[in-house]
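See below for the structure under consideration.
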Amino acid sequence: MARIVILGSGFAALSAVKALRKQGYRETLTLVSPKAELFFYPSLIWVPAGLRSEADLTVPLDAYFRRQNVEHLAAAVTGLDLAAKKVLTGAGEVAYDYLVVASGSRFIKKLPGIEHVHIPCESYASVAAYGDRLRRMEGGHLAFGFAGNPNEPSAMRGGPVFEFLFGVDTLLRQQGRRDKFQLTFFSPAAEPGKRLGEKAVANLLAEMGRRDIHTHLGHKMKGFGENSVQTEGGDFAADLTFFMPGLTGPAWLEGSGLPLSPGGFIQADETCRVPGVAGVYVAGDAGSFPGPDWLPKQAHMADLQAVAAAKNLLSDLGGRPERHAFKPELVCIVDTLASGVLIYRSPARGLLFKAGLLHWAKVAFEKMYLAQYR
Ligand SMILES: Cc1cc2nc3c(=O)[nH]c(=O)nc-3n(C[C@H](O)[C@H](O)[C@H](O)COP(=O)(O)OP(=O)(O)OC[C@H]3O[C@@H](n4cnc5c(N)ncnc54)[C@H](O)[C@@H]3O)c2cc1C
């Protein structure tokens, strides 16, 4: 019996489990991740307003794994032995015949003074700490920004920063204290969020204008002070800074022998195979994939890549020649706490649609998505 091992228990890893089962594969699957949990990052945006607790966003997976005949090893991967087809983990070695890498990405934390800013997207605790600090402030300067990976421009995550920005603005208005704060949005890009589409950038910047949110755009980042953001285009005051650095691949990839992209991700092809490494597939944020320049690092994209990886794995296992390419597709609702903007992009078309109900559509999607794993 071939042994299939999946690394990670996030969106891509669980979608790979789901897709393998949907394709009729019934043997035991082995999944390696630090905890048998799915953490639902998209709803972190509602934590500063006190609308979600840690338990709301963390789905224990023990029951799901039992239902799906998945054997979970609670461990962190530390490397690979490609020649011996073994995964190296803190809890020993795991042999594989087929390997799906879905262990996500990490932030680049190189800018001087980065210890002064909040990178709230790493965990529930960090976003909760941001919310606590905001509640205690009587007024001041709030800054929100994101940057990219200079070696791989697509490796950035801007969408949630817009959501935190508009969400905090809405929250302060609901609390009747917006006039005590100055909000500034910053990015080294002159057209931040360009991957969402030209229309989306114009729409988001116009929304900032309507909300009296200042912008500081197109200046290379120099670093952060205790109460400032420093750029080549000048510094500005920031008592509380929310910053989303650029992304790079997991640290354990170094020395793994897998081919890496310029930005430090696993190089994959459009079928999610790793070229030159038989039996290894990658899905989600851990990979670098060919596609349009707007190809997002998103949960939705991770899900689509995992389906392609699972289908191609089973083709290879069955000795069949099929090649399933993932569909490049960007879908997101940029939430503002009271309304939302739906943005859709595929190679054939783009769509932007704004409505109050979209906030509730995002809430409904969260409930539906998580129900399948509960
Ligand atoms: C605040 C926020 C809002 C977002 N909003 C949206 C949204 O609205 N829509 C959307 O589509 N996307 C959104 N995203 C992006 C989305 O969350 C990511 O693209 C998605 O999580 C990527 O899925 P993944 O499975 O590749 O990685 P992850 O979800 O990061 O999962 C990685 C898994 O690997 C495990 N792991 C890590 N290191 C190791 C190791 N060494 N060994 C073994 N396992 C390991 C982790 O524990 C985890 O289980 C948002 C992200 C953030 C931060």
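Residue numbering for the sequence shown follows the working numbering, beginning at 577 and increasing consecutively.
Built from N, CA and C at the ideal position, the CB exists for glycine as well.
None of the values given here were measured: they were computed from a predicted structure.
query, result
"What would DSSP say about Gln874, mapped onto helix, strand or coil?", "coil"
"Closer than 6 Å: is that where the CB of Trp936 sits relative to any heavy atom of ligand 1?", "no"
"Relative to the alpha-carbon of Pro585, which residue among Asp638, Asn888, Pro624, Leu772 has its alpha-carbon at the smallest distance?", "Reading off the sequence shown, one finds Ser at residue 585, where the question assumed Pro. That would be Asp638, whose Cα lies nearest to the Cα of Ser585."
"Determine the direct distance from the alpha carbon of Lys594 to that of Phe641, and round the result to whole angstroms.", "11 Å"
"So is the beta-carbon of Val653 under 6 Å away from any non-hydrogen atom of ligand 1?", "yes"
"I'd like to confirm something about Cys848: is its beta-carbon nearer than 6 Å to some heavy atom of ligand 2, or not?", "Inclusion of ligand 2 in the displayed structure is not the case, the ligand content consisting of ligand 1 alone."
"Rounded to whole angstroms, what is the Cα-Cα separation between Pro868 and Pro923?", "8 Å"
"Determine, using beta carbons only, whether Phe761 and Met732 come nearer to each other than 7 Å.", "no"
"Looking only at its own chain, which residues have a Cβ that is under 6 Å from the Cβ of Pro764, when we skip the five neighbours before and after it?", "Ala723, Lys796, Met797"
"Just curious, the beta strand (DSSP E) that Pro636 is in, first and last residue?", "634-636"
"Would you identify the three-state DSSP class for Leu748, choosing helix, strand or coil?", "helix"
"Report whether the distance from the Cβ of Trp622 to the nearest heavy atom of ligand 1 is below 6 Å.", "no"
"Quick one, are the C-beta atoms of Val676 and Tyr949 less than 7 Å apart?", "no"
"Would you mind giving the Cβ-Cβ distance between Ala766 and Thr847, rounded to the nearest angstrom? I have them listed as a contact below 8 Å.", "The Cβ separation is near 35 Å, so there is no contact."
"Might you give, ordered along the chain, the residues of its own chain that have their beta carbon closer than 6 Å to the beta carbon of Val703, omitting 5 neighbours on each side?", "Leu620, Val623, Pro696"
"Using CA atoms only, rank isn't needed, just tell me which of Gly689, Pro821, His935, Lys661 is closest to Ser730.", "Pro821"
"My output table needs one value for Cys908: the three-state DSSP class, helix, strand or coil.", "strand"
"For Glu630, which three-state DSSP category applies?", "helix"
"Could you give the DSSP three-state label for Glu898: helix, strand or coil?", "coil"
"Under a three-way DSSP split, which group does Tyr945 fall into?", "helix"
"Between Tyr617 and ligand 1, is the CB less than 6 Å from at least one heavy atom?", "yes"
"Cutting at 7 Å between CB atoms, please list the residues of its own chain near Lys903, excluding the five before and the five after it.", "Leu880"
"Would you list, in sequence order, the uninterrupted beta strand (DSSP E) runs of no fewer than 3 residues that lie entirely inside the stretch 830-897?", "856-858"
"Can you tell me whether Asn888 is buried or exposed? The criterion is at least 16 other CB atoms within 10 Å of its CB, across all chains shown.", "buried"
"Any idea what DSSP makes of Tyr700, helix, strand or coil?", "helix"
"Could you check whether Ser699 and Leu823 sit closer than 7 Å to each other, using their CB atoms as the reference points?", "no"
"Where do the N-terminal and C-terminal ends of the alpha helix (DSSP H) with Val676 fall, by residue?", "Per DSSP, Val676 belongs to no alpha helix (DSSP H); it is in the beta strand (DSSP E), 674-677."
"Tell me which same chain residues have a C-beta within less than 7 Å of the C-beta of Glu802, skipping the five on either side of it?", "His692"
"So, for Lys775: in the same chain, excluding its five sequence neighbours on each side, which residues have a beta-carbon less than 6 Å away from its beta-carbon?", "Leu928"
"Within a Cβ cutoff of 6 Å, which residues of the same chain sit near Thr912, ignoring the five residues on either side of it in sequence?", "Phe742, Thr746"
"Among Leu605, Pro826, Phe812, Ala578, which one has its Cα closest to the Cα of Gly799?", "Phe812"
"How big is the Cα-Cα spacing for Pro897 and Leu890?", "10 Å"
"With respect to 6 Å, is the separation between the Cβ of Pro736 and the closest non-hydrogen atom of ligand 1 below this value?", "yes"
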